[in-house]
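Enquirer: What follows is a single structure, and I will ask about it in a moment.
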Ligand SMILES: *[C@@H]1O[C@H](CO)[C@@H](O)[C@H](O)[C@H]1NC(C)=O
């Protein structure tokens, strides 16, 4: 007789974005079939049973900000992780869905070629399910006309930059993107830093012969983020086009986002573990060591900055907590951080250090172990809201019977996992360091399930999923980020403009 269910998970403390309770879960045909009060599944037959032993059972993590296998866009260095190693690292840390970027270069005219190229890289290579954000480097008339096709292809978000010479859009281009995105119910992610201010500060530091990694901090001062965040909010409000401001790092930008949200503007925001756990002290480590923590925006001045970001997570200003996994090797002068060490700059030059740090595997454990967020909030920020924001809910990010894929994390029961120190050798990325080395962790996923299959079993083989099991997921329009007004933006004959 065949089993009634493919998998049952019993004795767990189930946590969703709204509830914590003692429930048992039954899985059939890749989906959540039942979630019932503990013990109420009765005497069912299942191909596999997992006893959670009182551990938390949560929806699998959804990481909405991931860079993999990107061509070098900012000069030196190239991604250490491809789709295989990045998704492998993800699943070993409890993330079951990721949305990496499909990056269009400034010199390219079309987005659809970028999309098919990225599909080819990801196909049959992923351990977890995935979609892509289109990174728009050149909003040419052709690229803008392709937004409609992107939607039909299940791509409902894109990203633009206000900084970096290779990608930066001016305000007119941003307005073009926001207008077209609104028409097609696409959410626009914005890297909000003032590129000119960064260039100016960089020149001031160079004049003073300040080249060490720690000067990456002052080269990206808080004001660059504060100004650009404010400008992005104004442009979004003007166009009534929903935006997500990525990797927010300063208390002031957080406050201006909160103020815009209070006024009902469709502004959403993201932060990342680097702004919760790292500060300028990490950038100021001796020698070249600080390069390990070079990312943009940089880790900020002090613990007080981190506290303000934690507060923004708790009070709902931040919609999602993503990794911004952007992996570069450290001890690597060909593709990694050390490409900036030359004869002229024997100790490196901050402006040429590849920007980014790896974190797709540590995002969930770091944030959960800190115990600063309510459990429901943790699930909301790391799974449910990223799924809602990017048009994946309830397929992903939830445990809704009949609707959600059976993507599940089962954590260690209380007292079952001794605290341990994070070491890079525990991780599964293709990077030779972690910026979070030595942090004390209290939790790690014990099992991770993707569409009903156990793909991570920490004590039973570790990574037990297969490359290629992960598949592309077509996305709907965001169920969170919607314009305020009906109608299309236009200008009337009398010169009045708005939504008609
Ligand atoms: C913005 O960039 C576009 C494309 O390079 C250019 O055509 C346009 O003149 C720029 N606008 C401003 C105000 O600089």
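Residue numbers (our numbering): 3 to 502. Every residue, glycine too, gets a C-beta built ideally from N, C-alpha and C.
Around ligand 1, what residues have a beta-carbon under 5 angstroms from a heavy atom of it, in chain order?
Expert: Having a Cβ closer than 5 angstroms to some heavy atom of ligand 1 are 172 and 174.
Enquirer: What does DSSP give as the partner residue(s) for residue 296 in the beta ladder?
Expert: According to DSSP, residue 296 bridges with nothing at all.
Enquirer: Could you check which residue in 489, 494 and 497 has the C-alpha nearest to that of residue 181?
Expert: Considering only alpha carbons, the answer is 489.
Enquirer: Is residue 410 helix, strand or coil by DSSP?
Expert: strand
Enquirer: To the nearest angstrom, report how far apart residue 457 and residue 471 are at their CA atoms.
Expert: As the crow flies, the alpha-carbon of residue 457 is around 9 angstroms from that of residue 471.
Enquirer: Output the boundary residues of the beta strand (DSSP E) element that contains residue 52.
Expert: 48-53 is the span of the beta strand (DSSP E), which, as asked, contains residue 52.
Enquirer: Please name the residue in 124, 388, 171 and 433 whose C-alpha comes closest to that of residue 477.
Expert: 388
Enquirer: Contact between the segment 421-441 and the segment 324-342: three or more CB pairs below 8 angstroms?
Expert: A contact exists between the segment 421-441 and the segment 324-342.
Enquirer: Identify every run of the beta strand (DSSP E) within the segment 442-478, keeping only runs that are complete inside it and at least 3 residues long; order them along the chain.
Expert: As far as the segment 442-478 is concerned, its whole beta strand (DSSP E) runs of at least 3 residues are 447-452 and 455-459.
Enquirer: Please go through the same chain and pick out, in chain order, the residues whose beta-carbon is closer than 8 angstroms to the beta-carbon of residue 199, but skip the five residues on each side of it.
Expert: Contacts found: 223, 225, 226 and 229.
Enquirer: Under three-state DSSP, which class holds residue 105?
Expert: strand
Enquirer: May I have a chain-ordered list of the beta strand (DSSP E) segments no shorter than 3 residues that lie completely inside the segment 261-342?
Expert: 269-273
Enquirer: If you compare alpha carbons, which of 41, 96, 84 and 40 is closest to residue 65?
Expert: 96
Enquirer: Taking residue 406 and residue 394 to be in contact with their CB atoms under 8 angstroms, please state how far apart those CB atoms are, rounded to whole angstroms.
Expert: Your pair residue 406 and residue 394 does not check out as a contact, with CB atoms roughly 10 angstroms apart and the cut at 8 angstroms.
Enquirer: Reducing DSSP to helix, strand and coil, say where residue 16 ends up.
Expert: strand
Enquirer: Answer with buried or exposed for residue 236, where buried requires no fewer than 16 other C-beta atoms within 10 angstroms of its C-beta.
Expert: exposed
Enquirer: What runs of the alpha helix (DSSP H), each 4 residues or longer, lie entirely inside the segment 131-170?
Expert: 143-147 and 149-154
Enquirer: Looking at residue 399 and residue 386, is the spacing between their C-beta atoms short of 8 angstroms?
Expert: yes
Enquirer: So, at 6 angstroms on beta carbons, what are the nonlocal neighbours of residue 382 in its own chain, with the 5 sequence-adjacent residues on each side left out?
Expert: 19, listed in sequence order.
Enquirer: Going by C-alpha to C-alpha distance, which of 276, 194 and 445 sits closest to residue 361?
Expert: 276
Enquirer: Look at the alpha carbon of residue 113 and the alpha carbon of residue 450, and state the distance between them as a whole number of angstroms.
Expert: 34 angstroms
Enquirer: Would DSSP call residue 66 helix, strand or coil?
Expert: strand
Enquirer: Rounding to the nearest angstrom, what Cα-Cα distance links residue 203 and residue 196 in this structure?
Expert: 11 angstroms
Enquirer: Per DSSP, what kind of secondary structure is residue 213 in: helix, strand or coil?
Expert: coil
Enquirer: Could you check which residue in 34, 47 and 15 has the C-alpha nearest to that of residue 40?
Expert: Of the residues 34, 47 and 15, the one whose Cα lies closest to the Cα of residue 40 is 15.
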